[in-house]
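Under full-length UniProt numbering, the first residue of the sequence shown carries the number 1, and numbering increases by one thereafter.
For reference, the structure discussed in these notes is given below.
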Amino acid sequence: MSEVKIAAEPRTEFGKGGARRTRRAGLVPAVLYGHGEQPKHIALPAREFAAAIRHGGANQLFAIEVSDGTQALALPKAIQRDPVKDTFEHIDLLLVRRGEKVTVDIPVQLTGDAAPGTLVVHESDTLSVSADATRLPDHFEVSIEGLEAGSKVTAADVTLPDGTELVADPETTIAVISVAPSAEALEGETAEGEAAEGEGAEGEAPAAASEEPAAAAQ
């Protein structure tokens, strides 16, 4: 994954009011920390940061150039989003050095198709690994092509690139292949659910009737 150059400004306003003004200006409040250095509060251009994350994922490496002359390499450590607007609220950035190994969670994608009549359950979407901060893979791929029901894919089955070491337990389950339920079984579950709802509705009628005398007494 290549690094993305991004400009930043020092941030001097803090608190909710300062953060709101920063965001209204099209910037995202952020903090740089790590390697025993004092945290540095900065603001990043929201659109450029969002585009980089969309393209490179949550582990995108940034080459940050602050307007005060400071330069830094950093990885997103925590990203806070507005759940309604889906905009970035605040970013924690971890300082890294070239050649330094970091532990990160990398997305795992399943490729291929399991055997007919099976159901694939993706148990774990990411895998914890240690790798050079400047050479982080954007994702891993593992094939489920032709796997029969009862098969299981674990972290040990994922092929890692050179220089990347597995941190997660090798037995961590990535995906499980099971027998797909038949149409008859699904219809049976639906019928049982509807019957249970009907019984619940019938059981509520006496309770409603019993409330009438109490209301009349009042």
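Glycine residues also receive a C-beta, built at the ideal position from the N, C-alpha and C atoms.
Everything numeric in this text was worked out from a predicted model, so none of it was measured.
- In the DSSP annotation of this structure, Ala-50 is not part of any beta strand (DSSP E); the continuous alpha helix (DSSP H) holding it starts and ends at 46-56.
- Between the stretch 125-136 and the stretch 100-110, the count of Cβ pairs shorter than 8 Å is three or higher; the stretches touch.
- Pairing Ala-52 with Ile-177, the inter-Cα distance amounts to about 35 Å.
- One thing to note: Ala-58 has its Cβ no nearer than 8 Å to the Cβ of Val-96.
- Per DSSP, Lys-16 is one residue of the alpha helix (DSSP H) stretching across 15-24.
- Taking all protein chains in view, the Cβ of Val-121 is surrounded by fewer than 16 other Cβ atoms within 10 Å, so the residue is classified as exposed.
- Going by DSSP, Gln-109 is part of the beta strand (DSSP E) stretching over 101-111.
- Fewer than three Cβ pairs drawn from the stretch 110-119 and the stretch 80-93 lie within less than 8 Å of each other, which leaves the two stretches out of contact.
- Cβ-Cβ separation between Ala-8 and Glu-65: approximately 7 Å, consistent with a contact (criterion under 8 Å).
- Within the stretch 128-167, the complete beta strand (DSSP E) runs of at least 3 residues fall at 140-143, 152-154.
- Apart from the 5 residues on each side of it in sequence, Asp-157 sits with its Cβ closer than 8 Å to the Cβ of Val-142, Ile-174 in its chain, given in chain order.
- Distance between Thr-111 and Gly-18, taken at the CA atoms: about 46 Å.
- For Ala-30, the uninterrupted beta strand (DSSP E) run begins and ends at 27-34, by DSSP.
- Per DSSP, Thr-87 lies in no beta strand (DSSP E) segment and is marked neither H nor E.
- Between the alpha carbons of Arg-23 and Pro-10 lies a distance of about 14 Å.
- Of the residues His-90, Gly-150, Gly-56, Phe-140, the one whose Cα lies closest to the Cα of Ile-42 is His-90.
- CA-CA distance, Ile-6 to Thr-172, rounds to 36 Å.
- If you draw a 10 Å sphere on the C-beta of Gln-60, you find 16 or more other C-beta atoms in it, and that means buried.
- In the structure shown, Thr-172 adopts coil according to DSSP, grouped into three states.
- Taking Leu-94 as reference, the option from Asp-86, Leu-75, Gln-109, Leu-27 with the minimal CA-CA separation is Leu-75.
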